[in-house]
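In my numbering, the protein residues as written are 47 to 196.
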């Protein structure tokens, strides 16, 4: 049976998306990550600037998410994070999200599957964890609640 254990909460600051419209499989959006924080019972620290969310905006209204970021823990250890996910919802809800409104996350679907790359030491256990995240956009950040799949 699958169980979930809270791992941490991410507050990611992002820049304006850059878009390549009407590619062969949809619109591509590149969204730079400019920083942020993460905090949980077993680890906390800052999200480093320089990561990104490369999205494919499909014709059916679904955004395929491809996230690559680095986290620096309070003790200085850097952990690489990669996430693949989906975000979708009713057109009027997604328009409000795109406009920067604070939309109740129960009104749309925003999920990620997450893997970690940590160096030997205090966080190497993350290398054997599959995590999932449930997210939302607020006017200034992306908020992601991350859970370890037990």
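By construction, the Cβ of each residue, glycine as well, lies at the ideal position given by its N, Cα and C atoms. The structure displayed is predicted, hence computed values, not measured ones.
Let me confirm a value: residue i is counted as buried when at least 16 other C-beta atoms fall within 10 Å, else exposed. Which label applies?
i	result
residue 106	exposed
residue 281	Look at the range of the chain in this structure, 47 to 196, and you will see that residue 281 is not part of it.
residue 109	buried
residue 138	exposed
residue 164	buried
residue 176	exposed
Could you please give me the residues that DSSP links to residue i through a beta bridge?
i	result
residue 155	134
residue 113	99, 129
residue 52	193
residue 68	Looking at the DSSP assignment, residue 68 forms no beta bridge with any residue, so it has no partner.
residue 57	83, 189
CB-CB under 6 Å to residue i, same chain, minus the five flanking residues each way: which ones, in chain order?
i	result
residue 184	148
Quick check: does the Cβ of residue i come within less than 8 Å of any heavy atom belonging to the ligand NAD?
i	result
residue 70	The ligand content of the structure shown is nil, which means the ligand NAD is not present either.
Go through its chain and collect everything with a Cβ distance to residue i's Cβ below 8 Å, but skip five positions before and after it.
i	result
residue 142	149
residue 116	93, 94, 96, 97, 124, 125, 126, 127
residue 155	132, 133, 134, 135
Should the stretch 52-61 be regarded as contacting the stretch 175-190, the criterion being three or more beta carbon pairs within less than 8 Å?
yes
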